[in-house]
Structures are given as structure tokens and as C-alpha cells.
Amino acid sequence: MKNWQKILLAVDGSETSARAVQYVCNIAPLLDKGEVCVLNVYPPPPPHFYTEGGRLNEYQAMREARGKEMLDSAVGLLLEAGQPESRISRRVCMAEGHTISEVVLQVQAEGDFGTVVAGKRGVSKAEEFLFGSISNALARHCKNFTSWIVG
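Our numbering puts the first residue of the sequence shown at 661, with every later residue one more than the last.
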């Protein structure tokens, strides 16, 4: 089993995501040498975005800025909880050609994270088909790491 104290914390701005952040903050004082990477993955632009004259770089800049705000908020709470800044990292990326859950799992594998924490969000069947349910994907594909789904 991988180091459970190397945590990937997926945030999306939802209420359950905020609870997931708070959950990690509650255990932060218990982390001896733990690392936390706060991750925000956003979907690609909807098809109508381009037909309405939108440009990909503008969309990415807008979503990156929104993602950075989410990360800044989560990192602020982690710092208040006692997690040293030197053991916190941040990442914002677009799920280009993949579902959001696939990207979370890719980041987990690339970073060798022992724990992935995410909020459980109620998504419609259409959203689950298009973007994937992160909590379902974590539960189904959890191998050699631990997943914490916070409701």
C-alpha cells in the first residue's frame, strides 16, 4: 500500500467538495510528513461555445482563474489547520479528451498518491455520461491507493 499521507484532494467548488477540504483539514494536524496536492479538473468547453465565437485560450484562462480561486481557498484552510506550505502543491487542468474522473485517476497514478479525497456530488445521468462520476470512478478503480469519498 502506498503512503496514505500523500493526499490528492480534488476540489470543484461544490458543497461536498468544501466538506472534503474540511475533512482533510481535520486530519492535517495528524500528518507527520504528509503532503497534500489540491487539484481542480475542469471540463472542456461545451460545443456551443465555439459556434458562439468563443476561443479556447479565453475559456482556459477563465477556468484556470476560477480553479485557482478554489485552490487558494482550500490551501488557506489547510494552512490554518497546520499543514506546512512546503508540503502543499496545487494543480489546475482541463479534462481534454478524457472524463474528469479519468484525469483525477491519471494525476493519482502520475503522482503516486496513496490517498485520493473527493466530495460526492449528485450528478445527473447525462452529466455522469459526459463527465463521469468521480466518486464512482474512485470506488471502481481504487487499486493500490485509498479513496475517501466525503458526502
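C-beta atoms are modelled at their ideal positions from N, C-alpha and C, and glycine is treated no differently.
Pairwise C-alpha distance: residue j and residue i
i: A799; j: S793; result: 10 Å
i: L790; j: T759; result: A caution first: L790 carries a pLDDT of 48, below 50, which makes its placement in the model unreliable, though a value can still be read off. Approximately 7 Å between the Cα atoms of the pair.
i: V777; j: T711; result: 36 Å
i: F805; j: G713; result: 43 Å
i: C685; j: D772; result: 21 Å
i: F709; j: C753; result: 18 Å
i: I667; j: Q766; result: 14 Å
i: R751; j: V698; result: 6 Å
i: L739; j: R679; result: 16 Å
i: K803; j: Y702; result: 24 Å
i: H801; j: G757; result: 19 Å
i: A688; j: I748; result: 11 Å
i: I809; j: P707; result: 31 Å
Classification of residue i by the beta-carbon crowding that lies within 10 angstroms, buried from 16 upward
i: E718; result: exposed
i: E695; result: buried
i: N700; result: buried
i: A725; result: exposed
i: S784; result: Residue confidence for S784 is low, a pLDDT of 49 falling below 50, so the modelled location carries little weight; the figure read from the coordinates is stated next. Per the 10 Å Cβ criterion, exposed.
i: L690; result: exposed
i: A721; result: exposed
i: K780; result: buried
i: S677; result: buried
i: G811; result: exposed
i: V746; result: Before going on, a small fix: residue 746 reads as Ser here, not Val. Burial call: exposed.
Nonlocal neighbours in the same chain, by C-beta distance under 6 Å from residue i, ignoring five residues either side
i: A730; result: It is worth fixing the name first, because residue 730 is Met in this sequence and not Ala. Only V671, G673, N700 meet the Cβ criterion.
i: R715; result: none
i: S807; result: V776, L798
i: N663; result: G774
Bridge partners - residue i, DSSP secondary structure assignment
i: V681; result: DSSP lists no partner for V681.
i: K666; result: E695
i: R726; result: R726 is not bridged to any residue.
Check: residue i C-beta below 7 Å from any heavy atom of the ligand FAD
i: A741; result: The ligand FAD is absent from the structure shown, which contains no ligands of any kind.
Beta-carbon separation (whole angstroms), residue i vs residue j, contact threshold 8 Å
i: G774; j: Q665; result: 7 Å
i: A769; j: P704; result: Actually they do not touch by this definition, with Cβ atoms about 21 Å apart.
Contacting residues, own chain, Cβ-Cβ under 7 Å from residue i (five flanking each side not counted)
i: V681; result: L669, V671, A734, L737
i: V763; result: V701, C753, A755
Own chain partners of residue i with C-beta closer than 8 Å, once the 5 adjacent residues on each side are dropped
i: K693; result: Q665, R747
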